[in-house]
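Its first residue numbered 531, the sequence shown is counted upward by one per residue in my numbering. Glycine is no exception: its CB is placed at the ideal position from the N, C-alpha and C atoms.
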Amino acid sequence: MTQPVLPFARPSLDEATIAGVAEVLRSGWIASGPWVQTFEQRLSALCGGRPTRVVTSATAAVEVALQLAGIGPGDEVISAAQSFFTVPNMIAKVGATPVFVDCDLVTRNLDVATVEKAITPRTRAIVPTHWPGSTMDLDGLVSLARRRGLRVIEDAALTFGTRFAGRFGGSFGDITTFSFHPNKNLTTIEGGAIVVNDAAEAKRVEVLRFHGIERLPDGSRDVAFPGGKFNLPDVNARIGVGQLDRLDAMLARRRSLAERYFARWPDATGCLLPPTPVDGDGATWNMFCVLLPLDRMAVDRAAFRDLLQREGIATGLSYEALHLCTLGRRYGGREGQFPNAERIARETVTLPLFVDMRDEDVDRVCAAVGRILSAHRR
Numbered sequence: 531m532t533q534p535v536l537p538f539a540r541p542s543l544d545e546a547t548i549a550g551v552a553e554v555l556r557s558g559w560i561a562s563g564p565w566v567q568t569f570e571q572r573l574s575a576l577c578g579g580r581p582t583r584v585v586t587s588a589t590a591a592v593e594v595a596l597q598l599a600g601i602g603p604g605d606e607v608i609s610a611a612q613s614f615f616t617v618p619n620m621i622a623k624v625g626a627t628p629v630f631v632d633c634d635l636v637t638r639n640l641d642v643a644t645v646e647k648a649i650t651p652r653t654r655a656i657v658p659t660h661w662p663g664s665t666m667d668l669d670g671l672v673s674l675a676r677r678r679g680l681r682v683i684e685d686a687a688l689t690f691g692t693r694f695a696g697r698f699g700g701s702f703g704d705i706t707t708f709s710f711h712p713n714k715n716l717t718t719i720e721g722g723a724i725v726v727n728d729a730a731e732a733k734r735v736e737v738l739r740f741h742g743i744e745r746l747p748d749g750s751r752d753v754a755f756p757g758g759k760f761n762l763p764d765v766n767a768r769i770g771v772g773q774l775d776r777l778d779a780m781l782a783r784r785r786s787l788a789e790r791y792f793a794r795w796p797d798a799t800g801c802l803l804p805p806t807p808v809d810g811d812g813a814t815w816n817m818f819c820v821l822l823p824l825d826r827m828a829v830d831r832a833a834f835r836d837l838l839q840r841e842g843i844a845t846g847l848s849y850e851a852l853h854l855c856t857l858g859r860r861y862g863g864r865e866g867q868f869p870n871a872e873r874i875a876r877e878t879v880t881l882p883l884f885v886d887m888r889d890e891d892v893d894r895v896c897a898a899v900g901r902i903l904s905a906h907r908r
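Below you can see the structure in the form of structure tokens.
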């Protein structure tokens, strides 16, 4: 009998949250309102009391964070060549220049020494992307940034719930952005958040996420900066509150699934796996990415993914080498410039990992990978 298709990712929404959304719809207040305030307060509590404001996506969060940091034409912003398109897109959109650096092949984290070498007199900020399954030297990066007078905008889209040195990601001393897309650790359907330092920055975010509108003393309005329209609806915020109620259990399940991948992974595949889980390291698992041994395979990556799809197993690619996309090449990107990012882009396959997966689903994926690689060994 044909097995059901195992998706690459799927959100986990409980019946209480679904019922709560229905209540919001019946209330008549479905745009930004009391549930947004509740969601922001709960997020702030997780982030050590730092003000947190929600927006319509992580992309909006990064754009607003760059604006908040005063980044614009003539500025440079350092980020990893291995990430999603959001970061360089938004750097370019605000008129600044993305400056790429390579990452570690296994953890995919930025190396502080590499970042320091890329700093120029035009550098204004550093945007590290945190990766599932590992924690980076965030203290070292923040220390470097403070010595050089730079802002750190943490792209924590993939790692909501990760703890660094026992502290919730987002509770450190600069700007952090989160993603609440359906394939992330917590979802609001679409959505994101910005964690800032104080009430003044939070107020600025509120202006930037709603047209740039500021209220004047006489009750009229003014716009001094072209802000966006990024306010999150209450419907989405109600989902986020329901997800927060289940966050610890969902993160524990993701970690259990990742541990099972390591335990059931077939021997001698030649694949390069992510970092092995370490008890107490605080890392979360949004994805399980492996690098294929293409030099030992008789099929390419596309064919490998197709063979898994035929067995009812969906996969993803995480991610392309940003300096080699058309936009990246406009800023001087070229082949061979960042070998780790380029290898990751060529060889990565992202396997299914989501809260409602069963243990036997992981076993099924591991067995299929083993069969395919064994049958198509060069």
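With respect to the C-alpha of T616, the residue from S848, R873 and G770 having the closest C-alpha is S848.
In this model, L555 and N766 are separated by some 11 Å (Cα to Cα). Here I656 is bridged, per DSSP, to I608 and V682.
Between the segment 707–722 and the segment 588–595 there are three or more C-beta pairs closer than 8 Å, enough to call the two in contact.
Sequence-distant Cβ neighbours of R783 in its own chain, meaning closer than 7 Å and more than five residues away, are V885. By the beta-carbon neighbour count (other beta carbons within 10 angstroms, threshold 16), S673 is exposed. According to the DSSP assignment, F818 belongs to the beta strand (DSSP E) that extends over F818 to L821.
Taking A851 as reference, the option from P869, Q839 and T845 with the minimal CA-CA separation is P869.
Taking 8 Å as the cut-off, the beta carbon of L787 is found no closer than this to the beta carbon of E877.
Here DSSP, grouped into helix, strand and coil, assigns G846 to strand.
In this structure, G700 is the residue among E865, R676 and G700 with its C-alpha nearest to the C-alpha of H660. Fully enclosed alpha helix (DSSP H) runs of no fewer than 4 residues are not present anywhere in the segment 681–735. Between the segment 676–690 and the segment 626–636 there are fewer than three C-beta pairs closer than 8 Å, too few to call the two in contact. Following the DSSP letters along the chain, one finds D752 inside the beta strand (DSSP E) bounded by residues R751 to V753. The beta carbon of T582 lies closer than 6 Å to those of E570, L573, S574, A723 and V725 in the same chain, with the five residues before and after it left out. Of A539, G670 and I621, the smallest CA-CA separation from T653 is found for I621.
Here L746 is exposed. Its C-beta has fewer than 16 other C-beta atoms within 10 Å.
F884: not part of any alpha helix (DSSP H); DSSP gives it neither H nor E.
For T665, the CB contacts under 7 Å within the same chain, skipping 5 residues up- and downstream, are T692, F694, D811, G812 and A813 in chain order. In the structure shown, I621 falls within a helical segment according to DSSP collapsed to helix, strand and coil.
R697 is positioned such that its CB atom lies no closer than 8 Å to that of G579.
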